[in-house]
Amino acid sequence: MSSQSNDEGSRVPTPEPPPRPQADRSDPPSREAVNRMLLGLGQAYVSTQRVEDRSPDESTPLLPQPVTIEDIGKTRAGVWAALTTAFAASLIILLIFPHILPDALAPLVGRLPKDPMRAALQIMTNAPVIDGHIDLPILLRVQFANNVSAVDLTKEFVGHVDIPRLRAGKVGGFFWSVYVACPDPVVEGKDFLTSTWRVRDTLEQIDVARLTIEKYPDVFQYALGSEDIRAAIKDGKIASLLGVEGGHQLGNSIAVLRQYHSLGVRYVTLTHTCHNAFADSCGFEPGIIPLHGGLSPLGRRLIDEMNRIGVLVDLSHTSDDTARQALAHSRAPVIWSHSSARAVHDHTRNVPDDVLALIGTEEGKTDAIVMVNFGPTFIANPGNVTVFGVADHVEHIAKIAGKKHVGLGSDYDGIGSTPVGLEDVSTYPALIAELYKRGWNKHELAGLTGANLLRVFEGAEKMSRELKAAGTAPAFDVYDKRTDMACGTDFTTKLTDIVPSNNGFFHTVLTTYNEHHALIIRPDDVWLTILCQFNFFVNANTEILRANFVENEGKMELKVNDPSGVADFAFMSRQMVDLIEANVSDPTLRAWAILAFTTTTINDTTVAAVLLMATFKQYFAWGRTGWISSGD
Numbered sequence: 001m002s003s004q005s006n007d008e009g010s011r012v013p014t015p016e017p018p019p020r021p022q023a024d025r026s027d028p029p030s031r032e033a034v035n036r037m038l039l040g041l042g043q044a045y046v047s048t049q050r051v052e053d054r055s056p057d058e059s060t061p062l063l064p065q066p067v068t069i070e071d072i073g074k075t076r077a078g079v080w081a082a083l084t085t086a087f088a089a090s091l092i093i094l095l096i097f098p099h100i101l102p103d104a105l106a107p108l109v110g111r112l113p114k115d116p117m118r119a120a121l122q123i124m125t126n127a128p129v130i131d132g133h134i135d136l137p138i139l140l141r142v143q144f145a146n147n148v149s150a151v152d153l154t155k156e157f158v159g160h161v162d163i164p165r166l167r168a169g170k171v172g173g174f175f176w177s178v179y180v181a182c183p184d185p186v187v188e189g190k191d192f193l194t195s196t197w198r199v200r201d202t203l204e205q206i207d208v209a210r211l212t213i214e215k216y217p218d219v220f221q222y223a224l225g226s227e228d229i230r231a232a233i234k235d236g237k238i239a240s241l242l243g244v245e246g247g248h249q250l251g252n253s254i255a256v257l258r259q260y261h262s263l264g265v266r267y268v269t270l271t272h273t274c275h276n277a278f279a280d281s282c283g284f285e286p287g288i289i290p291l292h293g294g295l296s297p298l299g300r301r302l303i304d305e306m307n308r309i310g311v312l313v314d315l316s317h318t319s320d321d322t323a324r325q326a327l328a329h330s331r332a333p334v335i336w337s338h339s340s341a342r343a344v345h346d347h348t349r350n351v352p353d354d355v356l357a358l359i360g361t362e363e364g365k366t367d368a369i370v371m372v373n374f375g376p377t378f379i380a381n382p383g384n385v386t387v388f389g390v391a392d393h394v395e396h397i398a399k400i401a402g403k404k405h406v407g408l409g410s411d412y413d414g415i416g417s418t419p420v421g422l423e424d425v426s427t428y429p430a431l432i433a434e435l436y437k438r439g440w441n442k443h444e445l446a447g448l449t450g451a452n453l454l455r456v457f458e459g460a461e462k463m464s465r466e467l468k469a470a471g472t473a474p475a476f477d478v479y480d481k482r483t484d485m486a487c488g489t490d491f492t493t494k495l496t497d498i499v500p501s502n503n504g505f506f507h508t509v510l511t512t513y514n515e516h517h518a519l520i521i522r523p524d525d526v527w528l529t530i531l532c533q534f535n536f537f538v539n540a541n542t543e544i545l546r547a548n549f550v551e552n553e554g555k556m557e558l559k560v561n562d563p564s565g566v567a568d569f570a571f572m573s574r575q576m577v578d579l580i581e582a583n584v585s586d587p588t589l590r591a592w593a594i595l596a597f598t599t600t601t602i603n604d605t606t607v608a609a610v611l612l613m614a615t616f617k618q619y620f621a622w623g624r625t626g627w628i629s630s631g632d
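Numbering (UniProt numbering), first residue to last: 1 to 632.
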């Protein structure tokens, strides 16, 4: 890390890069010598450009002897020859010694100006910034309730981003983060089963991003791939892509990933600051307790599907173990959309050196790009957060992983404060100028601003094409904590194993409160809650209570008859209640157990029937007859 003073915005001057090696020539002329030569040639031209033999009043000869037409012609020919020779000599000198060329003329011969800011702007004209993470959509949600008609990006706008500043900052594209906050872990619980509203909010954020892009068609161009990015930049527009910032926004569903992709999402951050069904997060402070030890089995399948459909795997916010495992598992290049270097500033959100060392295109490594975050918390200690510190992070990542594996992911509009010198999107050139002063050449800087990201993106697209060409099937894996998709389980086994995992009534109350809905309480809801508790009690005291319910020992097999051949579990469970009623000691059991309120629905009756079967599963075995099958 380069040294920095304690004063905000000040810094020990960075040494000039070493001079470029010169060809074996002795005593090249100095700038002053060449300037004197050019001045002399100019004076010679001025003094000889016009030949006359008389004064303006035609009275006094200018020359001692009359000048003939032939003499004038010879003189002019000589002048032109001298000027041609001088021009050729000047051109040769400038080509041999380009360092003496004034900055204003440098682009004419394909050379970068010595002035760092002029050089940065020249580089970024041809290689504009493609930022990996800008949080404009969440700003629109918080400030305008996603009302795009109230938004005007054509003039100075709240936050760090508007069209004039994007143009000034030489921005050619960025990922619009469609971020939705992590849930409250106390309310969410360890199984992440209250995720529906986050899918809803993600769809709303996709909507506000797309509407904003469409509002300014001469400025923004919706991009779905690397070729779209190149086309937008060629047309002078800002390529606009979408990124989902956290697996918690998927609702525990790989199918939701596919739908987000169809709407234009091109990267998904595996976690935000919370664990989810797919992977462990690094949290925001050290000490977060791992849940999966990195990736869950479902998380590995999520990466498989992301590789198949061409969605970039984003490892910002993930734990170190998640990052290591994802690098090893992914068949496509991956990204860190907005992360910095932990060795430069020790923060859990930054990438450690041992993980950076896994990045590369060599055997045993994974192609990736770490896009440096500008958030002050991740850059340096308070009071020392400057553009120079951000440059230190860029250089460290380049040192460990290589200059082809670093990019820019500012997190503008997602960070409350900014580094001195990088106050908003108009200031990217200041960072490029600083790195130019440190010796980065135009090709390396063009990689940093966007070419490195394009390479990684193209690699992911190539892998997607290969996997689809090979006939790789979509991932249909279902989160194992879900209880609504148990397809494939044998009917008898399924009913034997049923025990409600929580109190559905109180779960409904909490969900209603958290999602700000009106709560309607029916007697059916209360009664089903009582049946749940009854079920728990009987199963905890099976043998003690046996004589109160049945006369048989062990399990008596009860079979329902269903000749239709259609596995209608709801119908069969209601039929099973008739058999239970006929075989228990208390003939009034059915009358008080099965709901019969004026508000009762067929679904309520079915749930009560299943609960009754679960209550007596230690006394009865469930079966069926009458099905037409090829096995018997």
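All residues carry an ideal CB built from backbone N, CA and C; glycine is no exception.
Task: Minimum length 3: unbroken beta strand (DSSP E) runs contained in the segment 379-454 - done: 406-408
Task: Cβ neighbours of V219 in the same chain (closer than 7 Å, five flanking residues each side left out) - done: I163, K237 and I238
- [ ] Could you please give the first and the last residue of the uninterrupted alpha helix (DSSP H) stretch that includes T269?
- [x] Where T269 is concerned, there is no enclosing alpha helix (DSSP H), although the beta strand (DSSP E) it sits in stretches over V265 to T269.
Open item on the list: Contact between the segment 123-140 and the segment 407-422 is defined here as three or more beta-carbon pairs at a separation below 8 Å; is this criterion met?
Closed with: yes
Open item on the list: Along the chain, where does the alpha helix (DSSP H) containing Q221 start, and where does it finish?
Closed with: Here Q221 belongs to no alpha helix (DSSP H); instead the beta strand (DSSP E) covers F220 to Y222.
Task: S337 - DSSP class collapsed to helix/strand/coil - done: coil
TODO: Thinking Q325 and L295 are a contact (beta carbons under 8 Å), I'd like their distance in whole angstroms, please.
DONE: 5 Å
Open item on the list: Could you tell me the alpha carbon to alpha carbon distance between A451 and A127, rounded to whole angstroms?
Closed with: 8 Å
Task: V178 and T202 closer than 7 Å at C-beta - done: yes
Task: Cut-off 7 Å between Cβ atoms - residues of its own chain near A357, not counting five sequence neighbours on either side - done: I400
TODO: Could you tell me the distance, in whole angstroms, from the CA atom of V456 to the CA atom of A368?
DONE: Straight-line Cα distance between these residues: approximately 6 Å.
Task: Alpha carbon of R465 to alpha carbon of T361, nearest angstrom - done: 20 Å
Task: For H133, the three-state DSSP class (helix, strand or coil) - done: strand
Task: Of the listed residues L454, F549, P587 and P474, nearest to E227 (C-alpha basis) - done: L454
Task: C-beta atoms of I233 and G172 nearer than 7 Å - done: Yes, the Cβ-Cβ distance between I233 and G172 is below 7 Å.
TODO: Please determine if the segment 267-285 and the segment 339-349 are in contact, where contact requires at least 3 C-beta pairs separated by less than 8 Å.
DONE: yes
TODO: Determine, using beta-carbon pairs with one atom in the segment 468-481 and one in the segment 134-152, whether at least three such pairs fall under 8 Å.
DONE: no
Task: Burial state of P376, where buried means 16 or more other Cβ atoms lie within 10 Å - done: buried
Open item on the list: Quick check on the DSSP output: the alpha helix (DSSP H) that includes F534 runs from which residue to which?
Closed with: P523 to A540
TODO: Could you spell out the range, first to last residue, of the alpha helix (DSSP H) harbouring A119?
DONE: P116 to N126
Task: C-alpha distance - N381 paired with E461, whole-angstrom precision - done: 39 Å
Open item on the list: Rounded to the nearest angstrom, what separates L589 and Y479 at their Cα positions?
Closed with: 37 Å
Task: Coarse secondary structure for A323, derived from DSSP in three states - done: Three-state DSSP puts A323 in a helix.
Task: Buried versus exposed, by CB contacts within 10 Å (16 or more), V538 - done: buried
Task: Given residue 637 as reference, the closest of I415, G364 and K365 once Cα atoms are compared - done: Residue 637 lies beyond the range of the chain shown here (1 to 632); nothing can be said about it.
Task: Of the residues G264, E156, P333 and K190, the one placed nearest V208, counting alpha carbons only - done: G264
Open item on the list: Just to confirm, is the Cβ distance from V584 to F620 under 7 Å?
Closed with: no
TODO: May I have the straight-line CA-CA distance separating T625 from A570, to the nearest angstrom?
DONE: 16 Å
- [ ] For the alpha helix (DSSP H) containing R230, list its first residue and its last residue.
- [x] S226 to K234
Open item on the list: Please tell me whether N276 and G247 are closer than 7 Å, where the distance is taken between their beta carbons.
Closed with: N276 is a Cβ neighbour of G247, given a cutoff of 7 Å.
Task: Coarse secondary structure for F175, derived from DSSP in three states - done: strand
TODO: Kindly give me the distance between the Cβ atoms of V355 and D320, rounded to whole angstroms, as I take these residues to be in contact under 8 Å.
DONE: 6 Å
- [ ] Please go through the same chain and pick out, in chain order, the residues whose beta-carbon is closer than 8 Å to the beta-carbon of H308, but skip the five residues on each side of it.
- [x] Contrary to the premise, residue 308 reads as Arg rather than His in this sequence. Answer for R308: S464, L467, K468, T472, P474 and A475, listed in chain order.
Task: Exposed unless 16 or more other CB atoms sit within 10 angstroms - verdict on G364 - done: G364 should be labelled exposed.
TODO: Just the C-alpha distance for R266 and H292, rounded to the nearest angstrom, thanks.
DONE: 25 Å
TODO: Using beta-carbon positions only, say whether V607 and L528 come within less than 7 Å of one another.
DONE: yes
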